[in-house]
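*Asks:* According to the UniProt record's numbering, the sequence shown holds residues 1 to 144 in order.
The C-beta atom is built at its ideal place from N, Cα and C for all residues, glycine as well.
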Amino acid sequence: MDKKKRGQKISVVIDTQITQEQQSEKHHFAETGQLINIKENWYIRFVEHSETGEVPVTFRVDDSHEVRLTRKAESQLNLLFKQDEKTDNYYVTPYGTMNITVFASKVDAMIDVKNTSGQIEVSYQIITDGETVGNYQIKLHFNA
Numbered sequence: 001m002d003k004k005k006r007g008q009k010i011s012v013v014i015d016t017q018i019t020q021e022q023q024s025e026k027h028h029f030a031e032t033g034q035l036i037n038i039k040e041n042w043y044i045r046f047v048e049h050s051e052t053g054e055v056p057v058t059f060r061v062d063d064s065h066e067v068r069l070t071r072k073a074e075s076q077l078n079l080l081f082k083q084d085e086k087t088d089n090y091y092v093t094p095y096g097t098m099n100i101t102v103f104a105s106k107v108d109a110m111i112d113v114k115n116t117s118g119q120i121e122v123s124y125q126i127i128t129d130g131e132t133v134g135n136y137q138i139k140l141h142f143n144a
């Protein structure tokens with residue numbers, strides 16, 4: 001891939017659904033971001049804007065289609081999603097670091113390099129101390 005394509009400007013649309021204790025909330029974001037290829041990994045980077053502020057977000061997709069989500073603000077979240085596997089992760093808050101387990105029931109990532117477009121879909125549970133905290137869904141679409 002040539003250097004011109006290494007950091008392409010993209011439009012990113014993200015829909016999330018969070019279900020905790022029988023209550024669901026949905027969020028929709030449309031942001032401008034960047035698609036970057038470094039070695040065998042693709043990075044989708046953007047800043048999420050909401051009423052609570054701005055949060056830098058990165059999705060990394062590797063050649064085996066594992067997805068890593070990183071959100072860095074006052075709190076930092078770093079989650080690895082592997083299809084049908086539990087992964088140990090962490091959530092850094094101003095009050096300390098929490099170890100959390102993620103079980104991803106769906107991890108689907110597709111990047112169309114030729115058309116500079118793609119999507120990521122992840123359905124997962126967050127588990128702490130053996131208890132499911134909530135069910136989460138992320139649907140991300142991007143194009144140039």
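Measuring CB to CB, does F81 end up less than 7 Å from V107?
*Replies:* Start at 1 with the first residue of the sequence shown, and residue 81 comes out as number 81. Start at 1 with the first residue of the sequence shown, and residue 107 comes out as number 107. Yes, these two residues count as a Cβ contact at 7 Å.
*Asks:* Quick one: Cα of D129 to Cα of T97, how far?
*Replies:* Taking the first residue of the sequence shown as position 1, residue 129 is located at position 129. Taking the first residue of the sequence shown as position 1, residue 97 is located at position 97. Rounded to the nearest angstrom, the two C-alpha atoms are 14 Å apart.
*Asks:* Determine the extent of the beta strand (DSSP E) in which H27 is found, giving its start and end residues.
*Replies:* As a first step, residue 27 is located in the sequence shown; it is residue number 27 there, counting from the start. Segment 23 to 38, the beta strand (DSSP E) holding H27.
*Asks:* Quick check: N135 and T19, are their CB atoms within less than 7 Å of each other?
*Replies:* To locate residue 135, count along the sequence shown from 1; it is residue 135. To locate residue 19, count along the sequence shown from 1; it is residue 19. Yes, the Cβ-Cβ distance between N135 and T19 is below 7 Å.
*Asks:* Within 10 angstroms of the Cβ of L140, are there 16 or more other Cβ atoms? Answer buried if so, exposed if not.
*Replies:* Translated into positions along the sequence shown, residue 140 becomes position 140. Per the 10 Å Cβ criterion, buried.
*Asks:* By the 10 Å Cβ neighbour count, where 16 or more other Cβ atoms means buried, how is S104 classified, buried or exposed?
*Replies:* Here residue 104 refers to the residue found at position 104 when the sequence shown is read from its first residue. The question names Ser, but residue 104 is Ala in the sequence shown. Looking at its Cβ environment, which holds 16 or more other Cβ atoms inside 10 Å, A104 is buried.
*Asks:* Buried or exposed: where does A144 fall if 16 or more other Cβ atoms within 10 Å of its Cβ makes it buried?
*Replies:* As a first step, residue 144 must be located in the sequence shown, where it is residue number 144. Under this definition A144 is an exposed residue.
*Asks:* Going along the chain, which residues of its own chain have a beta-carbon closer than 8 Å to the beta-carbon of P94, five neighbours each way excluded?
*Replies:* As a first step, residue 94 must be located in the sequence shown, where it is residue number 94. Cβ within range, chain order: E74, S75.
*Asks:* With distances taken between CB atoms, is the gap from F142 to V57 smaller than 7 Å?
*Replies:* Taking the sequence shown and counting its residues from 1, one reaches residue 142 at position 142. Taking the sequence shown and counting its residues from 1, one reaches residue 57 at position 57. Against a cut-off of 7 Å, the Cβ pair of V57 and F142 comes out as no contact.
*Asks:* What span of residues does the beta strand (DSSP E) with Y136 cover, start to end?
*Replies:* As a working note, residue 136 is residue 136 in the sequence shown. Residues 131 to 143.
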